[in-house]
Structures are given as structure tokens and as C-alpha cells.
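The numbering of the sequence shown is the numbering used here, which starts it at 21 and goes up by one.
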Amino acid sequence: MSHAFAVAHPNVALSKYWGKREGEGNFPAVPSLSVTLAGLQTRTTVQFDGALEDDDVVLGDAPAAPGPRARVVGLLDRVRAASRDERRARVRSSNDFPTASGLASSASGFAALALASVRAAGLDWTVEWVSDLARRSSASAARSLFGGFVELDAGAPGAPPETRLAARPLAPADHLPLVVLVCVATEAAKAVGSSEGMRVTMSRSPYALAWLEQAPRLHERLRGALLARDFAAVGELAEASCLAMHASALAAGVIYWNSVTVEVLGAIRALRARGLAAFASIDAGPHVKVLVHASDVASVREGLEGAPGLKRIIEARPGEGASLASGDGSGDRP
Ligand code: 2P0
Numbered sequence: 021m022s023h024a025f026a027v028a029h030p031n032v033a034l035s036k037y038w039g040k041r042e043g044e045g046n047f048p049a050v051p052s053l054s055v056t057l058a059g060l061q062t063r064t065t066v067q068f069d070g071a072l073e074d075d076d077v078v079l080g081d082a083p084a085a086p087g088p089r090a091r092v093v094g095l096l097d098r099v100r101a102a103s104r105d106e107r108r109a110r111v112r113s114s115n116d117f118p119t120a121s122g123l124a125s126s127a128s129g130f131a132a133l134a135l136a137s138v139r140a141a142g143l144d145w146t147v148e149w150v151s152d153l154a155r156r157s158s159a160s161a162a163r164s165l166f167g168g169f170v171e172l173d174a175g176a177p178g179a180p181p182e183t184r185l186a187a188r189p190l191a192p193a194d195h196l197p198l199v200v201l202v203c204v205a206t207e208a209a210k211a212v213g214s215s216e217g218m219r220v221t222m223s224r225s226p227y228a229l230a231w232l233e234q235a236p237r238l239h240e241r242l243r244g245a246l247l248a249r250d251f252a253a254v255g256e257l258a259e260a261s262c263l264a265m266h267a268s269a270l271a272a273g274v275i276y277w278n279s280v281t282v283e284v285l286g287a288i289r290a291l292r293a294r295g296l297a298a299f300a301s302i303d304a305g306p307h308v309k310v311l312v313h314a315s316d317v318a319s320v321r322e323g324l325e326g327a328p329g330l331k332r333i334i335e336a337r338p339g340e341g342a343s344l345a346s347g348d349g350s351g352d353r354p
């Protein structure tokens, strides 16, 4: 078969990946733990076609810009090398959620692209190998191959670039009664991409080493709290990981927050003072993903809605990993 259609979903890291190992291979410098979200999806079709002279990549409604195109072609090149098939590919990919919503579209995008490309090339790969392939393009994408709560180890220091590193599932989607309320703080695209933000943080932040020391400790504690189903501890540790990551970035002048971010953080503190289980997670943008116990969603939404400048709230729940779908991706949703 030279055609395949895959669907993948974004994920939110509870313990954050921020910083890469030196050298080639796109290995994370710290472990991370995420939750894959249902309801939001990237749909991607890949077709290898001997009649094409070059890869034909359309993201959303338009031909891919040079930067994103190069990342897509990089993944296709790895698949071509593995399958020893030089044919170029037609790639069509679209999200059903706004790219500027703060839900990392590179995670779901590269997870769907990796799965569709491997299948279209006829490679008989395990999901671990597909996760490793996705990680080489976007480390957070390795996690979106799996559903529920997912872990990605740090790369071993000095590991050769060809070393495999895949994410692995830790607990199913219904393990914790978690709801994620995405507080959209702006409709504009982010100013500094994650890779650049990490690079600047690692090279210039006086707190880069403090982050690299703290992140694995927070990760281990969060992992333990998750396995023990201790909701409050998971929330507190996720917020601590997010704040430590942003503190290290901020000290290098990498500032993702805006006034709405701070307002929502204040609203979350006020809600917690009332005894509600709500905790903050922020990625490479100003939006706050509020981690809420399912029984508190209505009260927390009410408390957040008054935050000055807040654009809207998207409600998401833990869901399944990436999957292959039938058809050509242009018809009904799977
Ligand atoms: C994460 N982020 O763990 C962290 C927290 C953003 C903040 O992974 O450079 O697009 O392509 O490997 O996966 C977003 O960065 O980074 C990210 P690259 P990616 O979710």
C-alpha cells in the first residue's frame, strides 16, 4: 500500500520537557509525563507517488511554509531511507482545533504524520518505532502516539543519534478524573517557537542547571502521585513543573506569558482557597491549561470566566492515542 490516513490528538505535559541533549537526534534532556486529549484532532494523509518530482505538502488550506515543510520532509526522508523507496509523497494535514489555541499542534501533527508515513511506505513497524520516528521531529509528538497518561524518558547523555527512544503508556485515560480547561489568552500565533525557546534557555539562563536538576525529581514525584491516583498531588506537582520551567526560561528573557496568563493564575489561586481542585499548566505560549477534578468543572469554569482579557475556554478530557483510519481523510470523521 502506498497510501494511509492517520488521526492523532494533542497532549499536555504534566511534567514538562524543556531542553535538549547536546548533539544530533533531538533527545530530551529531561523526562516528561503527559496526558493525551480527546475531542481535538489532527487528520493526516500520506501517499507515496512515483509521478511526483518533489514532496507536495499542504497544511490546513495552504502549501506548507519553508520551515514547517522542511520538518515534514525530514520525517519523510527517514521513512524513505528505512523503506529504500525514493518516491516523493503527497501530504495533506489539518487540525480541527485552532493552531493558536495553545494546544501543541506539532505533537498531534507529527504523531499523525509518522503513523501515516510508516503505513503508506509499507513498513511493518511497532508503535514504539513510530513513536521514536515522531520524537526525532518533535519530542512531544512521541507521546501522542499513545492514549491516557504517557511518559517519555530523557535521552542518555552522549547517546549516538540512531539510538531509539520512544514514549510509553503509563496509565489509561480513565485513570484519573481529570478535565483540562484550556484558557485561550490570545488568538495570535506564538512569538518564539519551542525549539528556539529551549535553546535560548539552555544557553543563557542562569537557572538552566537548576531546571535540569529539578525536572527529573518533580517528574518522579508526579509519576508516583499519578500511579497512586492522588489528584491533588498530581495537580500541585504539575503546576510546580510548569512554574520551574517558565522561571528558567524567563531568566533568559524567554517570556511566554501575557497579562491574561497572570490573571488566570490569580483566579486559580482564588479557586483553590475555596477548596476547589484546580492547577495551572502553561506551555510555550500565554494560554493556561487548568487541570481540574471532574467534579469541580462547573464551579472552576465560573471562577475562570471573569478573568480580564480571557478569550474563551476549551474543555478537553483524557483520550486515546493515534490511530490509522480508513478512507482518504476527505470524508466523514472516523
Ligand atoms: C512539553 N513543550 O513537554 C513541552 C512543554 C512545550 C512546553 O514539548 O523542539 O514541539 O520539536 O522537540 O515537542 C513543545 O516542544 O519541541 C514541548 P521540539 P516540541 O510538552
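Idealized CB from N, CA, C, for every residue including glycine. Since the model is a prediction, treat every value here as computed from it, not as a measurement.
Can you look up Glu42 in the DSSP assignment and give me helix, strand or coil?
Start at 1 with the first residue of the sequence shown, and residue 42 comes out as number 22. Glu42: coil per DSSP, three-state reduction.
Are the CB atoms of Phe47 and Gly175 nearer to each other than 8 Å?
Locating residue 47 in the sequence shown gives position 27, where the first residue counts as 1. Locating residue 175 in the sequence shown gives position 155, where the first residue counts as 1. Cβ distance < 8 Å, so Phe47 and Gly175 count as in contact.
Does Ala161 come within less than 8 Å of chain D when only Cβ atoms are used?
Here there is only one protein chain, and chain D is not present.
Examine the ligand 2P0 and report whether any of its heavy atoms sits within less than 7 Å of the Cβ of Ser125.
Position 105 of the sequence shown, counted from the first residue, corresponds to residue 125. For the ligand 2P0, not one heavy atom lies less than 7 Å from the Cβ of Ser125.
Could you check whether the Cβ of Asn46 sits closer than 7 Å to any heavy atom belonging to the ligand 2P0?
Position 26 of the sequence shown holds residue 46. Yes; taking the cut-off as 7 Å, the Cβ of Asn46 has a heavy atom of the ligand 2P0 nearer than that.
I need the straight-line Cα distance from Asp352 to Ala345, nearest angstrom please.
Taking the sequence shown and counting its residues from 1, the one referred to as residue 352 is at position 332. Taking the sequence shown and counting its residues from 1, the one referred to as residue 345 is at position 325. Model confidence at Asp352 stands at a pLDDT of 41, short of 50, so the residue's coordinates are unreliable; what they give is reported in the following sentence. Spanning the alpha carbons of Asp352 and Ala345 requires a straight line of approximately 11 Å.
Determine whether the beta carbon atoms of Asp75 and Arg112 lie at a separation below 8 Å.
The count along the sequence shown starts at 1 and reaches residue 75 at position 55. The count along the sequence shown starts at 1 and reaches residue 112 at position 92. In terms of Cβ geometry, Asp75 and Arg112 do not form a close pair [threshold 8 Å].
Would you say Asp173 touches the ligand 2P0, meaning its beta carbon is less than 7 Å from a heavy atom?
For the purposes of this step, residue 173 is taken as residue 153 along the sequence shown, with counting starting at 1. No, since every heavy atom of the ligand 2P0 falls outside the 7 Å radius drawn around the Cβ of Asp173.
In the structure shown, what three-state DSSP assignment does Thr119 receive?
Locating residue 119 in the sequence shown gives position 99, counting from the first residue. Taken through DSSP and simplified to helix, strand or coil, Thr119 comes out as helix.
What do you get for Leu34, buried or exposed, if any count of 16 or more other CB atoms within 10 angstroms of its CB means buried?
The sequence position of residue 34 within the sequence shown is 14, counting from 1. A residue is called buried once 16 or more other Cβ atoms fall within 10 Å of its Cβ, and Leu34 is buried on that count.
Ser301 bridges to which residues according to DSSP?
Numbered from its first residue, the sequence shown carries residue 301 at position 281. Beta-bridge partners assigned by DSSP to Ser301: Lys309.
Which partner residues does Ala345 have in the DSSP bridge list?
Looking up residue 345 in the sequence shown gives position 325. BP columns for Ala345 point to Phe25.
Sequence-distant residues of the same chain with beta carbon closer than 6 Å to Pro83, five excluded per side:
Counting from 1 along the sequence shown, the entry for residue 83 is found at position 63. Cβ contact annotation for Pro83 (same chain, cutoff 6 Å, sequence separation greater than five): none.
Which residues in the same chain have their Cβ closer than 8 Å to the Cβ of Ile275, if we skip the five residues on either side of it in sequence?
Here residue 275 refers to the residue found at position 255 of the sequence shown. If you ignore the 5 residues before and after Ile275, its C-beta comes within less than 8 Å of the C-beta of Ala269, all in its own chain and listed in chain order.
Candidates Ala132, Asp105, Gly255, of which the one nearest Val92 by Cα
Position 72 of the sequence shown holds residue 92. Comparing Cα positions, the closest option is Ala132.
Do Arg163 and Leu172 count as a contact pair if the criterion is CB distance below 8 Å?
Counted from its first residue, the sequence shown places residue 172 at position 152. Counted from its first residue, the sequence shown places residue 163 at position 143. Yes, Cβ-Cβ distance for Leu172 and Arg163 is below 8 Å.
From the DSSP output, read off the bridge partner residues of Ala336.
Taking the first residue of the sequence shown as position 1, residue 336 is located at position 316. Per DSSP, Val200.
Anything with a beta carbon under 5 Å from a heavy atom of the ligand 2P0 counts; list them all in chain order.
The filter returns Ala33, Lys36, Tyr37, Ser52, Ser126, Ser158, Ala159, Ser160, Ser214, Ser215, Asp303, Ala304, in chain order.
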